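In the working numbering, the protein residues as written are 4 to 202.
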């Protein structure tokens, strides 16, 4: 076996190793991207359930809160904005602008729902209505499921983003356009403000 043949064999083996190495990183990135997309689909299911409950909640409250029409309309407007934002985010989970739009819409919806719940406390007949109580329980249960699904999604996004940013994966990610994925964070102003204590 001549040195020329040995050199060709070494080059072929190194080339094969390099291709397998790149393919391994590429496949890992695809797997992680699919994982966070699947995690988002779990959020999507719960959000759609939430969006389906809200019109029933508003319809039930309408009879009791006739003069609180502005709040009821705000709930429906915020719900419709959230549905639109979720549809856009579901098409491409991880897209920064879509996820920010969804986060903003969900924050607005949570705020107006909070106002509706606070209003319902002032109306004992509405508070005692079994349909309203059942819908509020279902909505609370769905909110909890959304929180768990959002945590799973954010964990998947973090794993993907970390893998895409570390060396040598970042080179492969750049070559094959694996962009960063956006976390799904819902801002709640009450969580950012420190409680005020007066003596």
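Where is the CB? At the ideal position from N, CA and C, for every residue including glycine. All of these numbers come straight from a predicted model, not from anything done at the bench.
Contacting residues, own chain, Cβ-Cβ under 8 Å from residue i (five flanking each side not counted)
{"i": "residue 77", "result": "115 and 118"}
{"i": "residue 120", "result": "139"}
{"i": "residue 199", "result": "Because residue 199 sits at a pLDDT of 43, beneath the cut-off of 50, its placement in the model cannot be relied upon, and the point is left open."}
{"i": "residue 72", "result": "none"}
{"i": "residue 84", "result": "108, 111 and 112"}
Residue i, DSSP secondary structure in three states
{"i": "residue 197", "result": "Bear in mind that a pLDDT of 39 at residue 197, under 50, signals an unreliable position, so the model cannot answer this."}
{"i": "residue 185", "result": "coil"}
{"i": "residue 125", "result": "coil"}
{"i": "residue 5", "result": "coil"}
{"i": "residue 163", "result": "helix"}
{"i": "residue 179", "result": "coil"}
{"i": "residue 30", "result": "helix"}
{"i": "residue 67", "result": "coil"}
{"i": "residue 120", "result": "helix"}
{"i": "residue 171", "result": "coil"}
{"i": "residue 132", "result": "coil"}
{"i": "residue 16", "result": "helix"}
{"i": "residue 55", "result": "helix"}
{"i": "residue 158", "result": "helix"}
{"i": "residue 114", "result": "helix"}
{"i": "residue 22", "result": "helix"}
{"i": "residue 47", "result": "helix"}
{"i": "residue 97", "result": "coil"}
Neighbourhood of residue i by C-beta distance below 6 Å, restricted to the same chain and skipping five residues each side
{"i": "residue 131", "result": "none"}
{"i": "residue 81", "result": "111, 112 and 115"}
{"i": "residue 57", "result": "82"}
{"i": "residue 159", "result": "38, 39 and 42"}
{"i": "residue 190", "result": "110"}
{"i": "residue 86", "result": "54"}
{"i": "residue 152", "result": "45, 46 and 49"}
{"i": "residue 16", "result": "none"}
Same chain, Cβ closer than 7 Å to residue i, neighbours up to 5 away in sequence not counted
{"i": "residue 149", "result": "46, 49, 50 and 53"}
{"i": "residue 136", "result": "none"}
{"i": "residue 88", "result": "104, 105 and 108"}
{"i": "residue 61", "result": "75, 78 and 79"}
{"i": "residue 134", "result": "63"}
{"i": "residue 31", "result": "166"}
Extent of the continuous alpha helix (DSSP H) run through residue i
{"i": "residue 89", "result": "72 to 94"}
Nearest-angstrom Cβ-Cβ length linking residue i and residue j, presumed shorter than 8 Å
{"i": "residue 92", "j": "residue 75", "result": "Actually they are not in contact, since the Cβ atoms of residue 92 and residue 75 sit about 26 Å apart, beyond 8 Å."}
{"i": "residue 28", "j": "residue 172", "result": "5 Å"}
{"i": "residue 25", "j": "residue 175", "result": "6 Å"}
{"i": "residue 147", "j": "residue 186", "result": "So it is not a contact: roughly 19 Å between Cβ atoms."}
Legend entry - Cβ contact (3+ pairs, closer than 8 Å) linking the segment 168 to 186 and the segment 26 to 38: yes
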